[in-house]
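For the sequence shown, our numbering gives the first residue as 22, with consecutive numbering after it. We put the CB at the ideal spot given by N, CA and C, even for glycine. Structure, as structure tokens:
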Amino acid sequence: MNVLRKILFPFAILYGFITSIRNFLFDRGILKSTSFEIPVIAVGNLSVGGTGKTPQIEYLIRLLSNKYKVATLSRGYKRKSEGFVLADGTSNAEILGDEPFQFYQKFPKIQVAVDANRTNGITQLLSQTEKPQIVLLDDAYQHRKVKAGFYILLTSYGDLYADDFMLPTGNLRESRSGANRANIIVVTKSPKDLSDQKQEEIRLKLNLNCSQQIYFTFIDYDDAIYNKEEKIVVNEIKTEGKVLLAGIAKPKPFFDYLKNENDECLTYPDHHHFSDSDLNEIHNKANGKKIITTEKDYVRLKDSKLVSQLYYLPIKSTFINQHQNFDATVLEYVKKNSES
22 MNVLRKILFP FAILYGFITS IRNFLFDRGI LKSTSFEIPV IAVGNLSVGG
72 TGKTPQIEYL IRLLSNKYKV ATLSRGYKRK SEGFVLADGT SNAEILGDEP
122 FQFYQKFPKI QVAVDANRTN GITQLLSQTE KPQIVLLDDA YQHRKVKAGF
172 YILLTSYGDL YADDFMLPTG NLRESRSGAN RANIIVVTKS PKDLSDQKQE
222 EIRLKLNLNC SQQIYFTFID YDDAIYNKEE KIVVNEIKTE GKVLLAGIAK
272 PKPFFDYLKN ENDECLTYPD HHHFSDSDLN EIHNKANGKK IITTEKDYVR
322 LKDSKLVSQL YYLPIKSTFI NQHQNFDATV LEYVKKNSES
């Protein structure tokens with residue numbers, strides 16, 4: 022914890038008090054939460070920063086979309102549009118935001134919508150002629166104006182909420198007790214070889230209640246990079262000089278997976294909108310070499326001047342064990358709460 026964050030400790034206490042009062046009012050029904058007749062699954066976290074929400078949403082899409090009509094609803098962070106937007110053939114990352122646009126491109130059979138007002142967003146989705154049977158709420162754990170039927174809370178292995186503190190001293194958006202709302206807690210970005218003993222230690226540290234389940238996942242990188250026309254096996258480009266580019270919250274694992282000593286790593290803020298000046302700088306530094314970026318950044322850059330040398334590396338969330346139990350729990354909730 023740096024000196025400035027220590028100085029701001031009194032503000033963290035105040036912020037924690039305010040969020041606790043807000044949660045108390047929602048818990049007691051003094052502030053209104055809206056429920057819906059279809060299954061609504063909220064995925065989010067207690068902290069700011071990357072915990073792997075996008076690959077977790079994509080896991081749920083793959084799990085559910087072959088059996089049900091699925092819609093995702095996101096805020097659409099840093100998009101240039103306003104209000105409710107349902108993705109269609111005219112949509113791009115500027116209209117939807119990078120992550121929703123990624124969902125739209127990868128999963129053409131689902132509905133993808135954005136709206137900062139999640140209650141209005143779900144209402145609008147259910148007013149469509151082809152209304153969804155399930156809504157997945159992206160990054161909506163603190164959006165308590167909607168009462169989701171099922172909550173999945175993510176926490177990073179290297180930054181557990183049990184070890185964190187309230188903003189601005191720490192990174193928590195609300196107190197650790199907010200974890201009690203979760204049906205499932207997923208410890209993301211874990212080591213692939215995490216032992217049963219270490220899993221049990223973390224389970225005890227997080228102090229789950231008797232009704233909660235815990236699972237451990239790791240980020241599984243693809244063995245190839247892609248662009249609009251080409252696929253190249255990662256091992257074939259590991260040793261060649263290239264530019265690695267990331268505008269995500271925690272890019273180190275991405276860099277570590279691909280880089281060698283001759284590579285240049287360019288880091289930008291999460292959800293960064295690349296300006297002409299940025300593009301020129303990247304183009305000049307690449308000097309004809311391959312530029313490899315994250316899938317989320319690629320959707321913002323694929324129509325830029327970098328396209329001829331631009332590739333992306335897909336990732337997915339993989340369970341260390343017991344993924345069948347996770348799948349069964351989610352499917353049981355959906356089946357029980359689906360309209361007949």
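Considering only their Cβ atoms, is the gap separating leucine 175 from valine 133 smaller than 7 Å?
Not in contact: valine 133 and leucine 175 (Cβ atoms no closer than 7 Å).
Given a cut-off of 7 Å, decide if leucine 94 and glycine 142 are closer than it, judged by their beta-carbon atoms.
Yes, the pair counts as a contact, with Cβ atoms nearer than the cut-off.
Mind checking which residues open and close the beta strand (DSSP E) that includes glutamine 132?
It spans 132-135 - the beta strand (DSSP E) in which glutamine 132 sits, taken as one unbroken run.
Does DSSP put tyrosine 98 in a helix, a strand or coil?
If DSSP states are grouped into helix, strand and coil, tyrosine 98 belongs with coil.
Would you kindly work out how many angstroms separate the C-alpha atoms of phenylalanine 105 and serine 211, rounded to a whole number?
A direct Cα-to-Cα measurement between phenylalanine 105 and serine 211 gives close to 35 Å.
Tell me which residues share the same chain as tyrosine 125 and place their Cβ nearer than 7 Å to its Cβ, disregarding the 5 neighbours each side in the sequence.
Result list for tyrosine 125: Ala108, Ser112, Leu117, Val133, in chain order.
Hey, out of Ile336, Glu302, Asp348, Lys317, whose CA is closest to lysine 326's CA?
Nearest of Ile336, Glu302, Asp348, Lys317 to lysine 326, Cα basis: Glu302.
For aspartate 277, which of helix, strand or coil comes out of DSSP?
Helix at aspartate 277.
Assuming lysine 337 and aspartate 244 are in contact, meaning their beta carbons sit under 8 Å apart, how far apart are those beta carbons, in whole angstroms?
By a beta-carbon distance limit of 8 Å, lysine 337 does not contact aspartate 244. Their separation comes to about 12 Å.
So the alpha helix (DSSP H) glycine 37 belongs to, where does it begin and stop?
In the DSSP annotation of this structure, the continuous segment of the alpha helix (DSSP H) that includes glycine 37 starts and ends at 30-48.
Is DSSP giving tyrosine 289 helix, strand or coil here?
Annotated three-state conformation of tyrosine 289 is coil, per DSSP.
Beta-carbon within less than 7 Å of serine 361's beta-carbon, same chain only, minus the 5 sequence neighbours each way: which residues are those?
In this prediction, serine 361 has a pLDDT of 49, which is less than 50 and means its spatial position is unreliable; what the coordinates show is noted afterwards. So no residue of the chain qualifies.
Are the stretch 178-189 and the stretch 216-235 touching, with three or more C-beta to C-beta distances below 8 Å?
Yes: the two stretches touch, three or more of their Cβ pairs being nearer than 8 Å.
I'd like the ranges of any alpha helix (DSSP H) spanning at least 4 consecutive residues and lying wholly in the stretch 71-158.
Listed in chain order, they are 74-85, 114-117, 119-127, 139-147.
What are the boundary residues of the beta strand (DSSP E) that includes alanine 245?
Unbroken beta strand (DSSP E) run through alanine 245: 245-247.
Would you list the residues sitting across from leucine 174 in a DSSP beta bridge?
According to DSSP, leucine 174 shares a beta bridge with Gly65, Ile206.
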